[in-house]
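Below is one structure, written out as C-alpha coordinates; comments come after it.
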Amino acid sequence: MEEAYIQSKQNEQVKNLVKLRERKHRDRQERFLVEGLRELEHAIGSGFEIETIYFCPELFPSAAHQATIDQLRRDGEVPLTRMSEEAFSKAAYREGPDGIVGIGKQQAHSLHELHLPKQPLLLVLEGIEKPGNLGAILRSADGAGADAIILTDCILDLYNPNAIRSSQGLIFALPIVNADREALADWLQKGRYQTVAATPHTDQSHWEIDYTKPTALFFGSESDGLSDYWMNHLDQRICIPMKGRADSLNVAAAAAVCLYEARRQRQVS
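Structure below.
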(Lines of atoms letter the chains of each structure in order from A; the text may use other names.)
(Lines give C-alpha, C1' and ligand atoms only; values in the text may rest on other atoms or scores of the structure.)
Protein backbone atom coordinates (compact mmCIF):
# COMPACT_ATOMS: atom_id res chain seq x y z
CA MET A 1 0.00 0.00 0.00
CA GLU A 2 1.53 3.30 -1.10
CA GLU A 3 1.88 5.86 1.67
CA ALA A 4 0.75 9.43 1.27
CA TYR A 5 2.83 12.35 2.48
CA ILE A 6 1.56 15.66 3.82
CA GLN A 7 3.97 18.56 3.83
CA SER A 8 1.78 21.61 4.42
CA LYS A 9 -0.09 22.46 7.60
CA GLN A 10 -2.78 23.93 5.32
CA ASN A 11 -3.63 20.47 3.96
CA GLU A 12 -7.34 19.58 4.23
CA GLN A 13 -6.58 16.42 6.21
CA VAL A 14 -4.64 18.47 8.74
CA LYS A 15 -7.60 20.84 9.01
CA ASN A 16 -9.93 17.89 9.60
CA LEU A 17 -7.71 16.55 12.37
CA VAL A 18 -7.95 19.94 14.04
CA LYS A 19 -11.75 19.92 13.61
CA LEU A 20 -12.02 16.55 15.34
CA ARG A 21 -10.86 18.14 18.57
CA GLU A 22 -14.39 19.56 18.81
CA ARG A 23 -17.35 17.43 19.81
CA LYS A 24 -19.68 18.77 17.11
CA HIS A 25 -17.34 17.53 14.39
CA ARG A 26 -16.76 14.19 16.13
CA ASP A 27 -20.52 13.68 16.42
CA ARG A 28 -21.18 14.75 12.85
CA GLN A 29 -18.53 12.46 11.40
CA GLU A 30 -18.96 9.69 14.02
CA ARG A 31 -15.20 9.66 14.32
CA PHE A 32 -12.64 10.41 17.02
CA LEU A 33 -8.96 11.23 17.41
CA VAL A 34 -6.63 8.83 19.15
CA GLU A 35 -3.23 10.35 19.79
CA GLY A 36 -0.25 8.52 21.21
CA LEU A 37 1.23 5.05 20.72
CA ARG A 38 -0.19 3.47 23.88
CA GLU A 39 -3.68 4.82 23.22
CA LEU A 40 -3.62 3.70 19.59
CA GLU A 41 -2.51 0.20 20.57
CA HIS A 42 -5.40 -0.08 23.03
CA ALA A 43 -7.88 1.08 20.38
CA ILE A 44 -6.62 -1.38 17.76
CA GLY A 45 -6.32 -4.22 20.28
CA SER A 46 -9.91 -3.65 21.43
CA GLY A 47 -11.36 -3.93 17.94
CA PHE A 48 -11.94 -0.29 17.07
CA GLU A 49 -11.72 0.45 13.37
CA ILE A 50 -8.92 2.90 12.68
CA GLU A 51 -9.38 4.57 9.31
CA THR A 52 -6.03 6.31 8.96
CA ILE A 53 -2.86 6.67 10.99
CA TYR A 54 -0.74 9.79 10.59
CA PHE A 55 2.86 9.72 11.74
CA CYS A 56 5.97 11.88 11.89
CA PRO A 57 9.21 9.95 12.52
CA GLU A 58 11.04 13.13 13.48
CA LEU A 59 8.87 13.32 16.61
CA PHE A 60 9.14 9.66 17.69
CA PRO A 61 10.51 9.51 21.27
CA SER A 62 11.44 5.82 21.11
CA ALA A 63 12.27 2.96 18.78
CA ALA A 64 8.94 1.36 19.75
CA HIS A 65 7.09 3.99 17.74
CA GLN A 66 9.00 3.20 14.56
CA ALA A 67 8.62 -0.54 15.20
CA THR A 68 4.85 -0.11 15.44
CA ILE A 69 4.70 1.82 12.18
CA ASP A 70 6.88 -0.81 10.50
CA GLN A 71 4.53 -3.57 11.71
CA LEU A 72 1.45 -1.66 10.56
CA ARG A 73 3.13 -1.16 7.20
CA ARG A 74 3.75 -4.90 6.89
CA ASP A 75 0.18 -5.73 7.93
CA GLY A 76 -1.20 -3.35 5.32
CA GLU A 77 -4.62 -3.12 6.98
CA VAL A 78 -4.63 0.55 8.01
CA PRO A 79 -3.71 3.36 5.60
CA LEU A 80 -0.60 5.23 6.76
CA THR A 81 0.13 8.87 6.00
CA ARG A 82 3.46 10.44 6.79
CA MET A 83 3.51 14.09 7.82
CA SER A 84 6.11 16.78 8.00
CA GLU A 85 6.97 17.99 11.48
CA GLU A 86 5.22 21.28 10.75
CA ALA A 87 2.02 19.57 9.59
CA PHE A 88 1.95 17.10 12.47
CA SER A 89 2.56 19.77 15.09
CA LYS A 90 -0.47 21.62 13.72
CA ALA A 91 -2.63 18.48 13.71
CA ALA A 92 -1.60 17.18 17.14
CA TYR A 93 -3.78 17.91 20.13
CA ARG A 94 -1.17 17.41 22.82
CA GLU A 95 1.81 19.47 23.78
CA GLY A 96 4.96 17.48 23.05
CA PRO A 97 3.30 15.00 20.66
CA ASP A 98 4.88 11.58 20.16
CA GLY A 99 4.40 11.55 16.39
CA ILE A 100 1.39 9.22 16.04
CA VAL A 101 -2.30 10.07 15.70
CA GLY A 102 -5.19 8.11 14.21
CA ILE A 103 -8.80 8.64 13.22
CA GLY A 104 -11.16 5.95 14.49
CA LYS A 105 -14.83 5.12 14.07
CA GLN A 106 -17.01 5.59 17.12
CA GLN A 107 -18.81 2.57 18.58
CA ALA A 108 -22.14 2.44 20.40
CA HIS A 109 -23.22 -0.44 22.64
CA SER A 110 -26.45 -1.31 24.45
CA LEU A 111 -27.02 -2.92 27.83
CA HIS A 112 -28.23 -6.11 26.17
CA GLU A 113 -24.97 -6.45 24.22
CA LEU A 114 -22.87 -6.72 27.38
CA HIS A 115 -21.23 -10.11 27.95
CA LEU A 116 -20.84 -10.41 31.70
CA PRO A 117 -19.66 -13.07 34.18
CA LYS A 118 -21.97 -14.68 36.74
CA GLN A 119 -21.15 -12.18 39.50
CA PRO A 120 -20.60 -8.92 37.64
CA LEU A 121 -19.15 -5.76 39.12
CA LEU A 122 -20.54 -2.75 37.27
CA LEU A 123 -19.61 0.88 37.69
CA VAL A 124 -22.40 3.35 36.93
CA LEU A 125 -21.55 7.03 36.46
CA GLU A 126 -24.26 9.67 36.45
CA GLY A 127 -23.63 13.14 35.07
CA ILE A 128 -19.82 13.05 35.16
CA GLU A 129 -18.63 16.36 33.73
CA LYS A 130 -14.82 16.39 33.66
CA PRO A 131 -12.91 14.36 31.06
CA GLY A 132 -9.93 13.98 33.38
CA ASN A 133 -12.09 12.44 36.09
CA LEU A 134 -13.68 10.02 33.64
CA GLY A 135 -10.27 8.93 32.41
CA ALA A 136 -8.94 8.43 35.93
CA ILE A 137 -12.04 6.44 36.91
CA LEU A 138 -11.62 4.19 33.89
CA ARG A 139 -8.01 3.44 34.83
CA SER A 140 -9.12 2.44 38.33
CA ALA A 141 -12.01 0.38 36.95
CA ASP A 142 -9.66 -1.51 34.67
CA GLY A 143 -7.14 -2.09 37.44
CA ALA A 144 -9.76 -3.29 39.91
CA GLY A 145 -11.41 -5.62 37.41
CA ALA A 146 -14.77 -3.92 36.84
CA ASP A 147 -16.70 -5.79 34.17
CA ALA A 148 -18.38 -2.81 32.50
CA ILE A 149 -18.95 0.93 32.80
CA ILE A 150 -22.42 2.39 32.36
CA LEU A 151 -22.92 6.12 31.78
CA THR A 152 -26.32 7.65 32.46
CA ASP A 153 -27.42 11.25 31.95
CA CYS A 154 -23.92 11.83 30.70
CA ILE A 155 -23.14 15.28 29.31
CA LEU A 156 -19.53 14.35 28.71
CA ASP A 157 -18.33 13.15 25.33
CA LEU A 158 -16.76 9.73 25.75
CA TYR A 159 -14.37 10.48 22.89
CA ASN A 160 -13.08 13.76 24.32
CA PRO A 161 -9.30 13.75 23.71
CA ASN A 162 -8.65 14.56 27.37
CA ALA A 163 -10.74 11.57 28.48
CA ILE A 164 -8.81 9.30 26.13
CA ARG A 165 -5.49 10.67 27.32
CA SER A 166 -6.24 10.56 31.05
CA SER A 167 -7.48 6.97 30.71
CA GLN A 168 -4.22 6.08 28.90
CA GLY A 169 -6.34 4.53 26.18
CA LEU A 170 -8.24 2.22 28.54
CA ILE A 171 -11.42 3.93 27.43
CA PHE A 172 -11.17 1.56 24.45
CA ALA A 173 -10.43 -1.56 26.48
CA LEU A 174 -13.47 -1.50 28.79
CA PRO A 175 -17.09 -2.22 27.78
CA ILE A 176 -18.83 1.17 28.08
CA VAL A 177 -22.55 1.72 27.57
CA ASN A 178 -24.68 4.86 27.54
CA ALA A 179 -28.15 4.18 28.97
CA ASP A 180 -31.12 6.28 30.03
CA ARG A 181 -32.03 5.91 33.66
CA GLU A 182 -35.42 4.21 33.29
CA ALA A 183 -34.03 1.53 30.98
CA LEU A 184 -31.04 1.04 33.25
CA ALA A 185 -33.17 0.74 36.39
CA ASP A 186 -35.35 -1.89 34.71
CA TRP A 187 -32.33 -3.83 33.41
CA LEU A 188 -30.66 -3.87 36.82
CA GLN A 189 -33.85 -5.04 38.51
CA LYS A 190 -34.30 -7.87 36.03
CA GLY A 191 -30.68 -8.88 36.54
CA ARG A 192 -31.15 -8.89 40.34
CA TYR A 193 -28.21 -6.60 40.93
CA GLN A 194 -27.35 -5.18 44.31
CA THR A 195 -27.37 -1.44 43.64
CA VAL A 196 -25.14 0.78 45.77
CA ALA A 197 -25.03 4.58 45.98
CA ALA A 198 -21.78 6.27 46.97
CA THR A 199 -22.69 9.34 49.02
CA PRO A 200 -21.36 11.23 52.05
CA HIS A 201 -24.91 11.27 53.46
CA THR A 202 -24.90 7.90 55.22
CA ASP A 203 -23.19 6.18 58.15
CA GLN A 204 -22.58 2.85 56.39
CA SER A 205 -18.96 2.63 55.29
CA HIS A 206 -17.85 1.24 51.94
CA TRP A 207 -16.40 -1.91 53.55
CA GLU A 208 -19.62 -2.92 55.31
CA ILE A 209 -21.40 -4.40 52.30
CA ASP A 210 -20.85 -7.61 50.35
CA TYR A 211 -19.38 -6.85 46.93
CA THR A 212 -19.15 -10.51 45.96
CA LYS A 213 -22.77 -10.38 44.82
CA PRO A 214 -23.71 -9.04 41.37
CA THR A 215 -23.20 -5.36 42.14
CA ALA A 216 -23.77 -2.03 40.42
CA LEU A 217 -21.81 0.71 42.15
CA PHE A 218 -23.11 4.24 41.48
CA PHE A 219 -21.25 7.56 41.54
CA GLY A 220 -22.74 10.95 40.74
CA SER A 221 -21.47 14.20 39.31
CA GLU A 222 -18.60 16.15 40.80
CA SER A 223 -20.81 19.05 41.83
CA ASP A 224 -24.14 17.47 42.81
CA GLY A 225 -23.55 13.78 43.49
CA LEU A 226 -26.29 11.32 42.59
CA SER A 227 -29.73 12.59 41.61
CA ASP A 228 -32.81 12.08 43.77
CA TYR A 229 -34.01 9.56 41.18
CA TRP A 230 -31.15 7.19 41.88
CA MET A 231 -30.98 7.91 45.60
CA ASN A 232 -34.60 6.78 45.82
CA HIS A 233 -34.14 3.74 43.57
CA LEU A 234 -30.94 2.14 44.87
CA ASP A 235 -30.76 -0.59 47.52
CA GLN A 236 -27.92 0.65 49.69
CA ARG A 237 -25.88 3.75 50.48
CA ILE A 238 -22.22 3.78 51.38
CA CYS A 239 -19.68 6.42 52.34
CA ILE A 240 -15.91 6.54 52.64
CA PRO A 241 -15.11 7.44 56.26
CA MET A 242 -13.22 10.74 56.48
CA LYS A 243 -11.03 11.65 59.47
CA GLY A 244 -10.00 15.12 58.30
CA ARG A 245 -11.96 18.27 57.60
CA ALA A 246 -13.17 17.32 54.13
CA ASP A 247 -16.47 15.47 53.99
CA SER A 248 -15.67 13.51 50.83
CA LEU A 249 -13.06 12.62 48.22
CA ASN A 250 -13.29 13.69 44.62
CA VAL A 251 -15.26 11.28 42.45
CA ALA A 252 -12.24 9.65 40.80
CA ALA A 253 -10.54 8.96 44.14
CA ALA A 254 -13.78 7.73 45.73
CA ALA A 255 -14.43 5.34 42.86
CA ALA A 256 -10.90 3.93 43.18
CA VAL A 257 -11.30 3.31 46.93
CA CYS A 258 -14.62 1.50 46.51
CA LEU A 259 -13.56 -0.49 43.47
CA TYR A 260 -10.48 -1.81 45.22
CA GLU A 261 -12.50 -2.78 48.29
CA ALA A 262 -14.69 -4.78 45.91
CA ARG A 263 -11.61 -6.38 44.39
CA ARG A 264 -10.22 -7.23 47.84
CA GLN A 265 -13.45 -8.96 48.85
CA ARG A 266 -13.66 -10.88 45.61
CA GLN A 267 -10.07 -12.10 45.90
CA VAL A 268 -10.48 -13.45 49.43
CA SER A 269 -13.94 -14.96 48.98
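The opening position of the sequence shown corresponds to residue 1 in UniProt numbering, with each subsequent residue numbered one higher. Glycine residues also receive a C-beta, built at the ideal position from the N, C-alpha and C atoms. Here the structure is a predicted model, which means the values were calculated and not measured.
From the options, pick the residue whose C-alpha is nearest to that of residue i; which is it?
| i | options | result |
| --- | --- | --- |
| A262 | Q194, L234, N160 and G45 | Q194 |
| S221 | L123, E129 and I100 | E129 |
| E77 | A179, Q168 and E51 | E51 |
| N232 | K213, E208, E182 and S223 | E182 |
| L151 | D98, Q29, G244 and S110 | S110 |
| S84 | D157, V124 and A4 | A4 |
| L158 | G47, E113, L184 and D27 | D27 |
| R82 | E49, K9 and L156 | K9 |
| I176 | H112, S248, K213 and D186 | H112 |
State the beta-bridge partners of residue i as determined by DSSP.
| i | result |
| --- | --- |
| R264 | R264 is not bridged to any residue. |
| E126 | T152 |
| C239 | S205 |
| K105 | R31 |
Looking at residue j and residue i, is the spacing between their C-beta atoms short of 8 Å?
| i | j | result |
| --- | --- | --- |
| Q106 | R31 | yes |
| A14 | K90 | What sits at residue 14 in the sequence shown is Val, not Ala. In contact: V14 and K90 (Cβ atoms closer than 8 Å). |
| G127 | N162 | no |
| F218 | A197 | yes |
| L37 | H65 | yes |
| A146 | L188 | no |
| Q265 | R237 | no |
| S167 | A255 | no |
Identify whether residue i lies in helix, strand or coil by the three-state DSSP scheme.
| i | result |
| --- | --- |
| R165 | helix |
| S205 | strand |
| I155 | coil |
| N178 | strand |
| G225 | strand |
| Q7 | coil |
| A197 | strand |
| A216 | strand |
Could you pull out every unbroken alpha helix (DSSP H) segment of at least 4 residues lying fully inside the stretch 19-103, listed in chain order?
-> 23-29, 37-45, 63-75 and 85-91
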